[in-house]
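Per this note's numbering, the very first residue in the sequence shown carries number 110; after that it's consecutive.
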Amino acid sequence: MDSFDLVVIGGGPGGYVAAVRGAQLGLKTAIIESRITLGGTCLNVGCIPSKALLDSTELFHQAKTKFKVHGIEISEPKANWNQMIQRKRDVVTSTTKGIDFLMQKNKITRIIGVGSLISGTVVEITNGTEKKQIEGKNIVIATGSAVAQLPSVPFDGQRVISSDEALELSEIPKSMVIIGGGVIGVEMGSIYARLGTQVTIVEFMDGLIPTMDRELGRALEKTLRHLGMTFHFGTKVTGAKSEKKSVTLTAENKKGETISIEADYALVAIGRVAYTQGLGLDKVGIATDSRGRIEIDTHFRTNVPTVYAVGDVVQGAMLAHKASEEGVACVEQIVGQKSHVNYDAIPGVVYTWPEVASVGKTEEELKTAGIAYKKGSAPFKASGRARAAEESDGFIKVLADQTTDEILGIHMIGPRVADLIAEAVVAIEYRASAEDIGIMSHPHPTFSETLKEAALAATGNRAIHF
Ligand code: FAD
Ligand code: NAI
């Protein structure tokens with residue numbers, strides 16, 4: 110039986126990053142992945158393909174709506190959906206191939222098949238009819254997550270679909286109803302609404318992206334309404350009936366009224382669940398919580414010594430960068446280093462346009478915790494760069510401790526905030542005060558000046574430009 114210092118099960122951003130770090134630290138490393146390609150959900154059916162389609166459709170939307178004001182005259186642009194899908198596939202292929210290259214470069218043994226624990230140090234890999242076992246002194250489980258099912262609206266892969274199928278539709282639908290106004294709902298909804306699909310979102314809670322700071326959801330709703338989307342909040346879907354070319358949802362709103370929505374497709378996007386099928390957790394007695402997530406301690410250790418777990422399969426935000434940070438910290442701890450993940454400094458980004466980004470505590474969380482805070486908001490309207498770019502929608506909000514001025518949360522909606530949030534992460538990580546950010550020089554003219562202005566506003570009405 111081949112023997113390794115480190116065996117990683119799952120080749121997503123948690124697993125492949127853990128494997129690379131292990132190899133860098135001199136561990137003889139193997140990675141087991143059931144897909145033919147590495148990269149997990151994120152690279153194959155998540156972050157990367159969705160962002161490829163978001164970028165293509167936003168360019169299309171800009172060509173239709175903004176070129177004219179910039180003085181660019183073109184005939185009415187047409188969407189070539191087949192080319193958009195093909196480009197998305199090409200981006201996925203080149204990105205997953207890049208992970209193969211990383212495995213080779215770091216001399217990591219790559220094994221294709223489903224990994225199942227035989228003991229705390231032995232994994233059996235099944236690939237079709239072939240089976241083999243390998244030994245690992247340390248095993249890291251990074252098997253990720255799968256789409257959550259809604260019992261009253263079962264997937265049929267034809268009319269009732271998940272994000273997997275929504276990234277591969279053969280046509281631009283005339284209409285789509287999306288169950289769930291979370292991250293997938295608003296991102297996939299944006300892709301199709303920009304192409305002319307009539308998108309309706311049905312959300313259980315009373316607003317979009319409800320786990321983020323509520324001001325962001327309200328502002329996003331306004332821009333998505335402008336894009337033509339319609340919303341049913343506080344509404345519970347009770348059933349679905351699929352026909353050959355359409356599906357009809359029934360739902361109940363807060364007033365107890367029954368509504369019915371017909372569309373070409375129903376996309377179910379109500380969250381994801383930890384994926385542990387076939388892993389043999391019962392066989393070795395690894396504990397899971399009430400939501401099926403593998404239980405770990407603060408060192409990523411399961412209750413079986415030598416077996417660790419990271420990423421979507423454990424508690425916490427289901428984000429690629431969170432999974433990767435955990436993969437690195439877990440392996441560094443295995444070799445005795447004192448690494449950790451600062452969960453307060455994990456940003457969340459929604460790739461709509463304008464983009465939405467957040468790090469640290471929301472206003473709602475601070476209120477619930479009874480923490481006294483100061484707030485400074487700056488609108489992109491006051492930014493010269495934003496006006497030059499025709500991108501004045503949105504704002505940045507800085508929340509700081511009332512007494513110490515320490516930044517507790519930064520929340521943004523606006524142009525390129527997916528990238529601007531990195532400065533806010535540095536501020537939170539280094540426990541900067543709002544004044545620290547406010548008095549630092551920011552290049553002019555840039556979108557980043559809006560963060561400086563919001564920080565100044567939080568330090569007592571010191572913003573200059575509004
Ligand atoms: P995964 O990426 O799910 O990887 C787990 C891998 O393990 C899979 O490849 C699976 O095939 C494999 N596996 C499972 N069981 C076994 C087994 N027994 N043996 C062998 N292999 C196994 N996050 C972001 O941060 N930014 C985004 O923009 C973003 N966009 C997203 C868009 C969509 C549509 C979706 C669905 C998700 C998105 N996410 C995004 C979330 C992100 O994809 C996940 O948080 C991330 O992939 C989790 O990484 P992971 O390594 O824990 O698991
Ligand atoms: P989500 O948790 O973001 O949103 C699910 C939404 O569905 C919630 O608003 C919830 O209130 C609503 N909901 C739940 N049950 C419902 C019901 N029965 N009827 C109506 N609404 C209901 O989950 P989503 O959008 O499926 O995404 C899954 C995961 O993937 C998320 O955890 C997210 O972190 C990750 N992801 C991250 C992205 C990013 O970082 N840009 C992009 C896409 C996904």
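Backbone N, C-alpha and C define an ideal beta-carbon position, used for all residues, glycine too.
Starting from residue 460, follow the alpha helix (DSSP H) in both directions and report where the run begins and ends.
-> It is not in any alpha helix (DSSP H) - residue 460 carries neither H nor E in the DSSP assignment.
Contact between the stretch 146-156 and the stretch 231-240: three or more CB pairs below 8 angstroms?
-> no
Do we get a CB-CB distance below 8 angstroms when we pair residue 483 with the residues of chain D?
-> Of the chains in the structure shown, none is chain D; there is only one protein chain.
Bridge partners of residue 443, per DSSP?
-> Answer is none; residue 443 lacks a bridge partner.
For residue 521, does the three-state DSSP call read helix, strand or coil?
-> strand
Three or more C-beta pairs below 8 angstroms linking the stretch 401-415 and the stretch 314-323 | no
In whole angstroms, what separates the C-alpha of residue 190 from that of residue 203?
-> 20 angstroms
Contact under 8 angstroms by Cβ, residue 516 with residue 530 = no
Check whether the Cβ atoms of residue 543 and residue 527 sit closer than 8 angstroms, and answer yes or no.
-> no
Segments assigned alpha helix (DSSP H), at least 4 residues, entirely inside the stretch 113-172 | 124-133 and 149-154
Taking all protein chains shown into account, decide if residue 210 is buried (16 or more other Cβ within 10 angstroms of its Cβ) or exposed.
-> exposed
Please state whether DSSP places residue 427 in a helix, a strand or coil.
-> coil
What does a CB cutoff of less than 8 angstroms around residue 410 pick up in its chain, not counting 5 residues either side in sequence?
-> 416 and 417
Limits of the unbroken alpha helix (DSSP H) element including residue 203 | 190-214
Should residue 327 be listed as close to the ligand NAI, given that the test is whether its C-beta is under 7 angstroms from any heavy atom?
-> no
What is the DSSP secondary structure of residue 515, reduced to helix, strand or coil?
-> strand
Name the DSSP bridge partner or partners of residue 360?
-> 346 and 368
Nearest-angstrom Cα distance between residue 125 and residue 146?
-> 12 angstroms
Assigned secondary structure, residue 470 (DSSP; H/G/I helix, E/B strand, else coil) = coil
For residue 519 and residue 468, believed in contact at Cβ under 8 angstroms, the rounded distance | 6 angstroms
Regarding residue 421 and the ligand FAD, is the C-beta to nearest heavy atom distance less than 7 angstroms?
-> yes
Contact test: residue 288 Cβ vs the ligand NAI heavy atom, cutoff 7 angstroms | yes
So is residue 335 buried or exposed if we call it buried at 16+ other beta carbons inside 10 Å?
-> exposed
Please report how far the alpha carbon of residue 358 lies from the alpha carbon of residue 351, in whole angstroms.
-> 9 angstroms
So does residue 139 have its beta carbon nearer than 7 angstroms to some heavy atom of the ligand FAD?
-> no
Give me the Cα-Cα distance between residue 175 and residue 558, rounded to the nearest whole angstrom.
-> 24 angstroms
With burial defined as no fewer than 16 other Cβ atoms inside 10 Å of the residue's Cβ, what is the status of residue 247: buried or exposed?
-> buried
C-beta atoms of residue 201 and residue 289 nearer than 8 angstroms | no
Are residue 111 and residue 138 close, meaning C-beta to C-beta below 8 angstroms?
-> no
Would the beta-carbon of residue 160 be found less than 7 angstroms away from any heavy atom of the ligand FAD?
-> yes
Where residue 398 and residue 422 are concerned, what is the direct C-alpha to C-alpha distance, given to the nearest angstrom?
-> 11 angstroms
Taking Cβ positions, are residue 316 and residue 326 nearer each other than 8 angstroms?
-> yes
Candidates 332, 575, 261 and 344: closest to residue 461 by CA position = 332
Any non-hydrogen atom of the ligand FAD within 7 angstroms of residue 525 CB = no
Confirm the yes/no value for this check: CB of residue 296, any heavy atom of the ligand NAI, distance under 7 angstroms.
-> yes
Nearest-angstrom beta carbon gap, residue 328 and residue 522 [assumed within contact, 8 angstroms] = 5 angstroms
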